[in-house]
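Engineer: In our numbering, the protein residues as written are 2 to 187.
C-beta atoms are modelled at their ideal positions from N, C-alpha and C, and glycine is treated no differently.
First, the structure itself, so that you have it in front of you.
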Ligand SMILES: Nc1ncnc2c1ncn2[C@@H]1O[C@H](COP(=O)(O)OP(=O)(O)OP(=O)(O)O)[C@@H](O)[C@H]1O
Ligand SMILES: [Mg+2]
């Protein structure tokens, strides 16, 4: 994968697979160009064994199970910019969930371009219309702030409308694109 947005889609799909009813994708870039991407969910969480498997590349050689590459590649994408990677996860009943945080130095020549994050978010939401997602992208450099919360959308749209309806997809896409074009006044 050559674009960060495709990795984000991949990592957020893990959250959906883990049964999360709410997944939050938060991107935040400071004035130095350090970009923190965190994907937080309330899914089933990872056991210590799985956690070890996804964070320790050598651990995988000891098991015969199929090993996914989603998280290791995401980690690599961050670390090759001089950034960092961190996972927190809990399987504790009632408060289980996972938070994957990756920090990128966007000034690095090895930082992949973001790609089409708007399409990624719309694809993710319309692919799991019964799940909730919160997306935010705050960029201090460009004084730009983008936000979408499917829970708010449901409140406005009512129960009869599914988030995978074509007109809703188009609306989300326009809504996000508009925010990306606007700079916040301050
Ligand atoms: N948000 C999450 N909640 C619970 N478990 C997770 C989460 N993300 C990853 N995992 C666990 O970690 C494993 C590895 O994830 P990873 O994305 O690296 O590979 P994968 O999803 O198995 O395969 P791939 O992404 O290559 O299709 C998953 O199979 C799953 O067991
Ligand atoms: Mg995966």
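1. Which parts of the segment 16-74 are runs of the alpha helix (DSSP H), unbroken and 4 residues or longer, counting only runs that do not cross its ends?
2. How would the residue list near ligand 2 read, in chain order, if you kept each one whose beta-carbon is closer than 5 Å to any heavy atom?
3. Using three-state DSSP, classify residue 138 as helix, strand or coil.
4. Taking the C-alpha atoms as reference points, what is the distance between residue 99 and residue 183?
5. Whose C-alpha, out of 4, 132, 147 and 76, is nearest the C-alpha of residue 17?
6. Please list the terminal residues of the continuous beta strand (DSSP E) segment that includes residue 102.
7. With DSSP as the reference, identify every bridge partner of residue 88, one or two as the case may be.
8. Might you give, ordered along the chain, the residues of its own chain that have their beta carbon closer than 6 Å to the beta carbon of residue 42, omitting 5 neighbours on each side?
9. Between 72, 33, 180 and 179, which has its C-alpha nearest residue 103's C-alpha?
10. Determine contact between the segment 147-163 and the segment 35-54, defined as no fewer than three beta-carbon pairs at a distance below 8 Å.
11. Residue 127 by DSSP, collapsed to three states: which one?
12. Name the residue from 148, 78, 30 and 51 whose alpha carbon lies nearest to the alpha carbon of residue 7.
13. Would you say the beta carbon of residue 130 comes nearer than 7 Å to a heavy atom of ligand 1?
14. Here's the rule: buried if 16 or more other CB atoms are within 10 angstroms of the residue's CB, otherwise exposed. What is residue 175?
15. Taking the beta strand (DSSP E) that residue 149 falls in, what are its first and last residues?
16. Hey, would you say the C-beta of residue 19 is under 7 Å away from at least one heavy atom of ligand 1?
17. Taking DSSP as the reference, what is the three-state secondary structure of residue 133?
Structural biologist: Per the coordinate set shown:
1. Counting only runs of 4 or more, we get 49-56.
2. Those residues that bring their Cβ nearer than 5 Å to a heavy atom of ligand 2 are 15, 69 and 71.
3. For this step, residue 138 is matched to residue 137 along the chain shown. Looking at residue 138 - three-state DSSP - the assignment turns out to be strand.
4. Position 98 of the chain shown, counted from the first residue, corresponds to residue 99. Position 182 of the chain shown, counted from the first residue, corresponds to residue 183. Each residue's Cα considered, the two are about 32 Å apart.
5. Counted from its first residue, the chain shown places residue 17 at position 16. Among 4, 132, 147 and 76, the Cα nearest to that of residue 17 belongs to 132.
6. The residue labelled residue 102 in the question sits at position 101 within the chain shown. From DSSP, the beta strand (DSSP E) with residue 102 extends over 98-106.
7. Against the chain shown, residue 88 aligns to sequence position 87. Answer by DSSP bridge pairing, in chain order: 101.
8. As a first step, residue 42 must be located in the chain shown, where it is residue number 41. Setting aside the 5 residues that flank it on each side, residue 42 is surrounded in the same chain by 16, 21, 24, 98 and 99, each with a C-beta closer than 6 Å to its C-beta; the list follows chain order.
9. Reading the chain shown from its first residue, position 102 is the one you call residue 103. Of 72, 33, 180 and 179, the residue nearest in Cα terms is 72.
10. Below 8 Å, too few C-beta pairs join the segment 147-163 and the segment 35-54 to call them touching: fewer than three.
11. Taking the chain shown and counting its residues from 1, one reaches residue 127 at position 126. In this structure, residue 127 counts as helix in the three-state DSSP scheme.
12. The residue given as residue 7 occupies position 6 in the chain shown. Here the closest residue by C-alpha is 78.
13. By 1-based counting over the chain shown, the position of residue 130 is 129. Because no heavy atom of ligand 1 lies under 7 Å away, the Cβ of residue 130 does not count as near it: no.
14. For the purposes of this step, residue 175 is taken as residue 174 along the chain shown, with counting starting at 1. Exposed, by the Cβ-count rule.
15. To locate residue 149, count along the chain shown from 1; it is residue 148. Segment 145-150, the beta strand (DSSP E) holding residue 149.
16. Within the chain shown, residue 19 is the residue found at index 18, counting from 1. Here the distance from the Cβ of residue 19 to the nearest heavy atom of ligand 1 is below 7 Å.
17. Start at 1 with the first residue of the chain shown, and residue 133 comes out as number 132. Reduced to three states, the DSSP call for residue 133 is strand.
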